[in-house]
Amino acid sequence: MPINHLISPENLVTDEITRLIAYPGALQVAHFAKNRISVVVVKAYYGGALVGYALSAFKEHMPHIEFRIVSILRSDKTIRPQGSTIIEAGDEITFICATEHIKAVISELQRLEKPYKRVMIVGGGNIAAGVAKQLEEHCTVKLIERNEERAQALAEKLAKTLVFHGDASDQNLLFEEHIENIDVFLSLSSDDEANIMSALLAKRLGAKKAMVLIQRMAYISLIQGGRLILPFLRNKRQFLLCWGMCAKVM
Numbered sequence: 001m002p003i004n005h006l007i008s009p010e011n012l013v014t015d016e017i018t019r020l021i022a023y024p025g026a027l028q029v030a031h032f033a034k035n036r037i038s039v040v041v042v043k044a045y046y047g048g049a050l051v052g053y054a055l056s057a058f059k060e061h062m063p064h065i066e067f068r069i070v071s072i073l074r075s076d077k078t079i080r081p082q083g084s085t086i087i088e089a090g091d092e093i094t095f096i097c098a099t100e101h102i103k104a105v106i107s108e109l110q111r112l113e114k115p116y117k118r119v120m121i122v123g124g125g126n127i128a129a130g131v132a133k134q135l136e137e138h139c140t141v142k143l144i145e146r147n148e149e150r151a152q153a154l155a156e157k158l159a160k161t162l163v164f165h166g167d168a169s170d171q172n173l174l175f176e177e178h179i180e181n182i183d184v185f186l187s188l189s190s191d192d193e194a195n196i197m198s199a200l201l202a203k204r205l206g207a208k209k210a211m212v213l214i215q216r217m218a219y220i221s222l223i224q225g226g227r228l229i230l231p232f233l234r235n236k237r238q239f240l241l242c243w244g245m246c247a248k249v250m
């Protein structure tokens, strides 16, 4: 049996996206040991309680939480963590902890963001549908799909998601659906160019965050200020999630 019958790359992407929604501020989240233990990547920012302090201060500040910082990426160089290592703003921190303590550790490295409650998804493929299905139980989810027949099918399948037949590059549609109130805009169609442009438009119109699914490596260089999250392979094509897109793309 082919391995992708056992481990679906689409499901991996879907799960990664929903984990990032569940843990605002995280760049990567991977669960292990039946979801009891997690490896998390997060960027340190001013406002985090222990930014500017040595790693040894973490234990004093959180005596009842077991966790370990396993690597620090600073200016594209990996630093081996030691007790005397001082966390600096801009450091990319990888740590391991019990899943229940993820948010507590993140809050020491940056101001903890409010939970994401309003999500808009572009695309009607398996990834978009899977993300909507997982999020609709605890978020207000809107989904935009260009194909009328597919939009109708998704409307019947997704009980709590509001599905629209339309074009995500239509400013009037985005305004009508209050894009300025959207916490996370997920552009997950199979069209790279459409994904990038709709995400940029959403950001310009007021969406707080944007995530883009990209199939072509060449497009990554066009996204200035995006955070590379995690590559996936599907049918020999590499998928990358770019989080936190800003308005300066070209």
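Taking full-length UniProt numbering, the leading residue of the sequence shown gets 1, the next gets one more, and so forth. The beta carbon of each residue, even a glycine, is placed where N, CA and C say it ideally should be.
According to DSSP, residues forming a beta bridge with residue i
i	result
I21	None, per the DSSP bridge assignment.
V184	V119 and K209
F58	DSSP, once it has assigned bridges, lists no residue as partnering F58.
I144	V122 and F164
Residue i burial status per 10 Å Cβ neighbour count (16 or more: buried)
i	result
Q238	Because the pLDDT of Q238 is 42, which lies under 50, any placement of that residue in the model is unreliable, and the question is left without a value.
D91	buried
M120	buried
Y116	buried
E108	buried
N11	exposed
F67	buried
Residue i, enclosing alpha helix (DSSP H) - first and last residue
i	result
I106	I102 to L109
S71	From DSSP, S71 is part of no alpha helix (DSSP H) but of the beta strand (DSSP E) over F67 to R74.
E92	Here E92 belongs to no alpha helix (DSSP H); instead the beta strand (DSSP E) covers E92 to A98.
L200	D192 to R204
Limits of the beta strand (DSSP E) - the one that residue i falls within
i	result
F151	According to the sequence shown, residue 151 is Ala rather than Phe. From DSSP, A151 is part of no beta strand (DSSP E) but of the alpha helix (DSSP H) over E148 to K157.
residue 251	Here the chain comprises residues numbered 1 to 250, so residue 251 is not present and cannot be evaluated.
E176	Taken as a continuous stretch (DSSP letters only), E176 belongs to no beta strand (DSSP E), being part of the alpha helix (DSSP H) at Q171 to E176.
I37	I37 to K43
T78	K77 to I79
Cβ-Cβ distance between residue i and residue j below 9 Å
i	j	result
I21	C139	yes
residue 254	M62	The structure shown has nothing for residue 254, since the chain only spans 1 to 250.
L154	A129	yes
L186	A210	yes
R111	Y45	yes
I144	G166	yes
A168	V131	no
I127	I214	no
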